[in-house]
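Chains as they are written, first to last, in the UniProt record's numbering: chain A, 1 to 238; chain B, 1 to 326; chain C, 1 to 710. Glycine is no exception: its CB is placed at the ideal position from the N, C-alpha and C atoms. On a predicted model such as this, the values are computed, not experimentally measured, just so you know.
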């Protein structure tokens, strides 16, 4: 899932301070699970902003609300009208949600209430780790299920650099060396010799480097378009 | 001859090769480079010109290499994967070749967070590139040189002829993988290898046994890395904090003894330790060169280039062979 | 009641996003609670009184709200607080831990604590329906029906043959069990709605049934069982042999019945107990009872029997009456025969005797208490059919008799039972009448009190519940109580009541998941000390495991978990009014202290006015947002005041609450506020004074820190 993390309240305040009516709008999926932007955190942010407004002697109405997900239009529909009552929507969804909603709120700005951190897992309660970089071309079968793109600080494809120190990455003793993990894993799998094969330079065009990406499922789109066409012609006949 | 560089010639001659290191300055002061080049000239077969090592901005490796070259010191330009994508890398390689550079050492590069181990501000917020890794970079150089093709496949009318080097950390984690790591670099096309600094000669030799079993010592020229110790503190730091370097206690003790012999005299302590460091270096050079499969040494006297002359002489590696240029 | 029919009054749980939430949290939760299995106490109650809800209110010192919960379903609440047979207690899940919760005494505590409140609430209900209903009988079912119908806007007239209202409650239950002023509170609640009362009006004597039928749009026969059955044995007729009901009526109305020095009561039911114990209070020292049943088989409640025995009444078990022996007119005693069987193998009443075993019990007065029957003689020649056994013919599905518009309720049709069961019947009949008068179908639409209940406590949960003995009820000593008809049971004092209320495990008042908001994140499952949540596609919090501690709700990142009862959002919403407007010239800091209601609640310790107490059902349900809210509302400091972990009612609470306080400190620091304005205080649960001192100490700390300017 997508892991988010909270922005300092000062930063949020500098974004919202000139608005009169602010809705802290939560997404109750990924970012809720990582305690960054679910309804509970939205309520906290709303309260802190009201308190801050009080400290600064500003009159500001700050409410909070949530929907299940910010990345599918249907979820907004029931609240779209309500959203129109605000000067600013501070979305605590991930960046996807902020973009997606921004496109739909007309003159009302949508600002990010959290930072979108990465795709990650809940290693243990309160511990979220990045495990995938969404590069669009998965090679995990070659690396023992441990992604060097997401987890090696240098996205090395052919083994560790010289910076591995006691199994940790040169950037911090708190960061595991992905290649150390890969080697240990491959040893366990009895596959270490597979790592001898040289991975050629990657084609990064499937990742962000290829420009904004889109996945388009023809079989589903074609059906939806047909249905749309049908309803249009049916409407025309009336 | 793949490149015709001096280093390649020395290696082909079968004599132990000696490389040193020249760190370009963190300013536009080209004199600093020429000064250091003149200090090293004559005492090594080629000198590595580092590529923004420890992730701090310095005169670029290519530019400094050209400056050194002009002074008569053969440079080994370094190329890290950190700062350029394959387009930038290949463009720079073409440029370097056009400027007469013949050795290139391929490296991953220190991570931008490194910032001279925190001693300098550096640029920890920089975006790193790592479009390709070391192994792939070696392959690109080889493809350009031997196939006359860019990585993408476009032809090169005049191919850059580099003597291709790569680094190797023989005693780094995960130690089981390190021979395979070398194998991959050799398979990719590394003509020579410079290793991380060696103090633990026993461990190094056991790794070299594996390398010999794999026959890699015949397919590439391995130059053992020697980092000249300046003080007991430096040895301790390298032992605890530098990846892939472990320093036997006996060596640290020797340095400590030298330090203690000076009593409270700090200046004397430094002098005694430096002297002991040079002595120790010479011993290490001998031990490394006695290791079967080793074809030379890479001596790093970090910010202490003046030490090289004495070391090379004491080690009996002076004078350096001279070849007629074709 | 009315929600049974009016669709528009049906609630739905507020929509997921709920940008604006309607109603209080309690109101929003009511339909949720209704749709879930009931706590066993509530399911066992014939009118489904929400015991857990009102006991929880008691624990928080919210007595008026407790009263409202009780009264909303039970118009004879005060009566029940004295005489109810409390099936709630028998089904209490605490039985598996130690002893059941003392529900009835707690109810009494509430009712006696809220007399002024309820009196002030009494008011006429507008007659909006333009229809009138005649109710014959004013016992529990008649009163309940009158209550409901008046609330619905009907004109109600009650016909009662006795000079006072209450039916058997007034005329047969001895005052030592039910003081008449207690009964009067319930009656006054109902009558104040604007009900026409015709006491001393006996059908067939003062007015005919036809008159009543023609006068009203509908009639309810809530006649009860007003006649005692007698025995068909030799010697029964004549002086010295009395029937229970006339005897009890004499007692009730202060007419001293003539008794000798040795009274023998025949019967083993609760009425027999009333009779025997009343005889003791009339000054008879030698009161004996005979009954067919053994001590275990007796239909009388065990506590009644125990109390009777304490009062010196001896019981001859498993003897049946054979003949009254007389010497001339005078009763000399009763010849009894040994009982060999009371029930047959199918459990049906089928007594058998061994005529070879007999004995003689001396007595000069015999009172027969073997059951009651209805007196329906006045229905003769009316459209209301009576069957050959003297029972009113009715349809239990509609409560209607054979005559259209004439309905029945209570024991006259259901047979003997409890007062509260009769009240339940009264509710149903009132609804039946309402539907009838509105021209709607009745069948299938009367309230059912059969509800699914929460299963027994799983053993792993039982192990995690601390044993706490039930607060004992004090009684007058037997020798004192037998000298008068005054009530012998003492009400709990406030401390006792709060302690007892704190024993409730809150079954059915625990956590529920709004599945529209749940993203199955596992937080609740990780947090729960009792293993209640099971997260699959969404979280399901198993009510049989849930102990209503509330620990999970503040942890839920989607705010998908609410507590059915006493959710903190209630308090959060109320904080502005708790804090009020903060005087900028104040000398003392305004402090909000969230106190665990289980130990300190509301009782016994006073805090200076500037420290605003908010009692919560365990501080485990206090959220970061509650603490922030207090500061937002202008408090200079906010503290969570906990019991020590040794006495906490729940397990594994402490560290989570601490973590929330720490988080709040972090957040307020971000606003440039001193982290010390938020605190967690712990005190010795058994020493009320220690709570005061930690609170005051905290307040002093805040005073030194300075008052907030903004």
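Which of helix, strand or coil DSSP assigns to residue i
{"i": "residue 154 (chain B)", "result": "coil"}
{"i": "residue 144 (chain C)", "result": "helix"}
{"i": "residue 198 (chain C)", "result": "strand"}
{"i": "residue 298 (chain B)", "result": "strand"}
{"i": "residue 320 (chain C)", "result": "strand"}
{"i": "residue 119 (chain A)", "result": "strand"}
{"i": "residue 67 (chain C)", "result": "helix"}
{"i": "residue 13 (chain A)", "result": "helix"}
{"i": "residue 357 (chain C)", "result": "strand"}
{"i": "residue 21 (chain C)", "result": "Because residue 21 (chain C) carries a pLDDT of 46, less than 50, the predicted location of this residue cannot be relied on, and the following value inherits that uncertainty. DSSP places residue 21 (chain C) in coil when its eight states are reduced to three."}
{"i": "residue 524 (chain C)", "result": "helix"}
{"i": "residue 148 (chain A)", "result": "helix"}
{"i": "residue 194 (chain B)", "result": "strand"}
{"i": "residue 180 (chain C)", "result": "helix"}
{"i": "residue 118 (chain C)", "result": "helix"}
{"i": "residue 57 (chain C)", "result": "helix"}
C-beta atoms of residue i and residue j nearer than 8 Å
{"i": "residue 87 (chain A)", "j": "residue 20 (chain A)", "result": "yes"}
{"i": "residue 133 (chain C)", "j": "residue 218 (chain C)", "result": "yes"}
{"i": "residue 228 (chain B)", "j": "residue 277 (chain B)", "result": "yes"}
{"i": "residue 185 (chain C)", "j": "residue 115 (chain C)", "result": "yes"}
{"i": "residue 509 (chain C)", "j": "residue 548 (chain C)", "result": "yes"}
{"i": "residue 125 (chain C)", "j": "residue 56 (chain C)", "result": "no"}
{"i": "residue 298 (chain B)", "j": "residue 211 (chain B)", "result": "no"}
{"i": "residue 44 (chain A)", "j": "residue 627 (chain C)", "result": "no"}
{"i": "residue 633 (chain C)", "j": "residue 618 (chain C)", "result": "no"}
{"i": "residue 39 (chain A)", "j": "residue 46 (chain A)", "result": "no"}
{"i": "residue 451 (chain C)", "j": "residue 117 (chain C)", "result": "no"}
{"i": "residue 320 (chain C)", "j": "residue 336 (chain C)", "result": "yes"}
{"i": "residue 12 (chain B)", "j": "residue 163 (chain B)", "result": "no"}
{"i": "residue 542 (chain C)", "j": "residue 503 (chain C)", "result": "no"}
{"i": "residue 430 (chain C)", "j": "residue 34 (chain C)", "result": "no"}
First and last residue of the uninterrupted beta strand (DSSP E) at residue i
{"i": "residue 613 (chain C)", "result": "611-616"}
{"i": "residue 127 (chain A)", "result": "127-132"}
{"i": "residue 323 (chain B)", "result": "It is not in any beta strand (DSSP E) - residue 323 (chain B) carries neither H nor E in the DSSP assignment."}
{"i": "residue 562 (chain C)", "result": "561-563"}
Range covered by the alpha helix (DSSP H) that runs through residue i
{"i": "residue 17 (chain B)", "result": "Unbroken run through residue 17 (chain B) is the beta strand (DSSP E), 17-22; no alpha helix (DSSP H)."}
{"i": "residue 642 (chain C)", "result": "Premise fails: residue 642 (chain C) lies in the beta strand (DSSP E), 637-643, not in any alpha helix (DSSP H)."}
{"i": "residue 206 (chain B)", "result": "201-214"}
{"i": "residue 187 (chain B)", "result": "178-188"}
{"i": "residue 664 (chain C)", "result": "654-670"}
{"i": "residue 88 (chain C)", "result": "87-91"}
{"i": "residue 167 (chain B)", "result": "Counting along the chain, residue 167 (chain B) falls outside any alpha helix (DSSP H), though it belongs to the beta strand (DSSP E) covering 163-168."}
{"i": "residue 281 (chain B)", "result": "266-290"}
Residue i - partner residues in DSSP beta bridges
{"i": "residue 341 (chain C)", "result": "C:352"}
{"i": "residue 594 (chain C)", "result": "C:614 and C:640"}
{"i": "residue 200 (chain A)", "result": "Per DSSP, none; premise fails for residue 200 (chain A)."}
{"i": "residue 291 (chain C)", "result": "C:317"}
{"i": "residue 286 (chain C)", "result": "C:262"}
{"i": "residue 155 (chain C)", "result": "C:132"}
Just to confirm the assignment: which complete alpha helix (DSSP H) runs, minimum length 4, are found wholly within the stretch 448-506 of chain C? Correct list: 459-462, 478-481 and 494-501.
May I have a chain-ordered list of the beta strand (DSSP E) segments no shorter than 3 residues that lie completely inside the stretch 365-439 of chain C? 365-368 and 406-408, all fully within the stretch 365-439 of chain C.
Whole runs of the alpha helix (DSSP H) within the stretch 206-243 of chain C, excluding any shorter than 4 residues: Here the runs fully enclosed are 209-215.
Within the stretch 71-122 of chain B, note down every full alpha helix (DSSP H) run reaching 4 residues or more, in order along the chain. Complete alpha helix (DSSP H) runs here, min 4: 86-98.
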